[in-house]
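Under UniProt numbering, the sequence shown has 40 at position 40, and the numbering climbs by one with no breaks. Report on the following structure.
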Amino acid sequence: MANLSNWQFEITDVGKADLARLDKEVQGRVLEKLKWFTENFQDITPLPLGGQWRGFFKLRAGE
């Protein structure tokens, strides 16, 4: 099946700083999961966040 997804993600400056503090292996896992998420969003049911985070989704990478 062709990937017709138009989803993308943006990492804020704060997010970049947080990501930089992680171990390189963990950074890679997070970025790979984000890439997977954009490619497969239409096939999953993500957990939407509420309140001030409405419109955002919870995503777990790893165990």
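Heads up, the beta-carbon is just placed ideally off N, CA and C, and yes, glycines get one too.
Cα-Cα separation, V26 to A20: So the alpha carbons of these two residues sit roughly 10 Å apart.
Would you kindly work out how many angstroms separate the C-alpha atoms of I44 and K24, rounded to a whole number? Distance between I44 and K24, taken at the CA atoms: about 27 Å.
With DSSP collapsed to three states, give me the class of L22. Reduced to three states, the DSSP call for L22 is coil.
Under 8 Å by Cβ, that's how I've got P46 and L59 pegged, so tell me the actual separation to the nearest angstrom. At roughly 7 Å, the Cβ-Cβ gap stays under 8 Å, so P46 and L59 are in contact.
Could you check what DSSP says for L34 in three-state terms: helix, strand or coil? The answer is helix: DSSP assigns L34 an H, G or I state.
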